[in-house]
Amino acid sequence: MSTKQKRYFLSEDEIPTQWYNIQADMVNKPLPPIHPATKQPLNAEDLYPIFAKELCHQELDKENAWIDIPEEVLEKYKYYRSTPLVRAYGLEEAIGTKCHIYFKNESVSPVGSHKLNSALAQAYYCKQEGITNVTTETGAGQWGCALSYAAKVFGLDAAVYQVKISYEQKPYRRSIMQTYGAQVTPSPSMSTRAGKDVLTKDPNNQGSLGTAISEAVELAMTTPNCKYVLGSVLNHVALHQTIIGLEAEKQMEKAGEYPDVVIGCFGGGSNFGGISFPFMRHKIKDGKNTRFVAAEPASCPKLTRGVFQYDFGDLSGLTPLLPMYTLGHNFMPANIHAGGLRYHGAGMIISQLLKDGLMEAVDIKQSETFKAGLLFSKAEGIIPAPESCHAIAAAINEAKKYDEAGEEKVILFNLSGHGLIDMTAYDQYLAGSLQDYEVTDEDVAKNIAELEKVI
Ligand SMILES: *Cc1c(COP(=O)(O)O)cnc(C)c1O
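Those letters in the sequence shown? Residues 1 to 455, per the working numbering, in order.
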């Protein structure tokens, strides 16, 4: 019985020094984001009031496939990178599969998730530009923690709007942000017009990512020397996350294998894009027939049941209009535990790739994800984040499908984070009190009908 866990690392000089920009290689480029007022395609300058300039250019860059990682960012990456690529013998044995399952372990970052890969980059570019303050929203709190730490690293002040339900349900994430020195406000709050609007209509509103984004963007636009930063959805965020897949590519080579299927859980697409895009370049350019599977919650199924259309990134319509698979920016998701997966839309690149059939998506019920999470915890020793449990469940399902078909495939998934601060969710699952939420077709249709069609 081979229960050994085999891990692959890179030496310091093997760590990639460039990010991969898949936009340059895509045959059908993502449609342009559109200015909410003029309804014209945006250029980088239009985004300057909100984001650091370098990030605006990365966002719209369709030419350069490789972008240098700044020396200062690379130095900070080396605090926790390379992250291990693990052959999951324990999991394989537990489910009795003949497939080879590997996972990339992003939970080893100081904040416990992949989010730091982009937080460090974004904080760095803000600092470079002379910015002193950054602001953002956070749902489950992982992005807020990553940004709070990255801001501290580069000497910036961070103000974080945390979705109220998470602020109350996940107090330790708030403590972590405050430990790194960030100012944390539950959203909706009375400190912004967007927040006030929501609270006047509904004083008990528990918040949503859409509302929190509106609050943070409003603060950035009304505060001198303050920029907004976002932890998912946008192209430049997925760009920074490609360090995951680029490392994994080299590590798989060390293991002497190449993945047949690459899997990531899906909120806005940053960790899925991060692990997938570097492998997808070989599908686009070299005709490899690797499959890419995004695993989303059944309670927030934008990829499997949303529509492809221009929509706002936030509740009040302050952001540019983005071409994406969406459930509508008014969508109010159930209070599921995988808080990081509750966003209403998918990133622009991912949306185009899904539309073009370069990738697939599956939706998974909450109870099934925790079942997979428990199995994984016992088999591999790492307690996964509720978000990551979606990827694990999808990997298990793929392995079983291949076993039934008598095929031995190589499966790679991204373990986006650990769940040690999400034990309330595990408690509920163990106590049998966890509920499955599924969105009805009527809800989806009603919400989408409300979308103003711009194109
Ligand atoms: C935020 C988060 C996600 C979802 O965000 P993506 O941008 O889709 O990757 C997934 N897993 C963890 C651990 C997260 O913190």
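All C-beta atoms in this analysis are idealised placements derived from N, C-alpha and C, irrespective of residue type, glycine included.
Between ligand 1 and the CB of N117, the shortest heavy atom gap is not smaller than 8 angstroms.
When the five nearest sequence neighbours on each side are left out, the beta carbons in the same chain lying within less than 7 angstroms of the beta carbon of Y167 are those of R174, P186, in order along the chain. Residue side-chain check: H240 keeps its Cβ at 8 angstroms or more from all non-hydrogen atoms of ligand 1.
In the DSSP annotation of this structure, the continuous segment of the beta strand (DSSP E) that includes I411 starts and ends at 410–415. Take P33, set aside five residues on each side of it, and the residues of its chain with a beta-carbon closer than 6 angstroms to its own are L42, P320, L322, in chain order. At least one heavy atom of ligand 1 lies less than 8 angstroms from the C-beta of S388. From the listed residues T304, L230, T17, the smallest Cα separation to E215 is found for L230.
Uninterrupted beta strand (DSSP E) stretches at least 3 residues long and entirely within the region 270–332 occur at 291–297, 307–312, 321–326, given in chain order. When DSSP reads this structure, K6 sits in a beta bridge with R87.
Between the region 182–201 and the region 294–309, the count of Cβ pairs shorter than 8 angstroms is below three; the stretches do not touch. Beta-bridge partners of C226 (DSSP): N133. Boundaries of the alpha helix (DSSP H) harbouring G144: 142–153, taken from the DSSP string.
In the DSSP secondary-structure assignment, V184 is bridged to V160. With at least 16 other beta carbons inside 10 angstroms of its own, S270 counts as buried.
With a cutoff of 9 angstroms on beta-carbon distance, N335 and N447 are scored as not near each other. Per the C-alpha coordinates, the member of I50, D61, A238 positioned closest to L219 is I50. Taking non-hydrogen atoms of ligand 1 into account, the C-beta of N235 is found less than 8 angstroms away from none of them. Distances from the CA of E71 to each of P16, K378, L55 were compared; the closest alpha carbon is that of P16.
Under DSSP, the beta-bridge partners assigned to N105 are L415.
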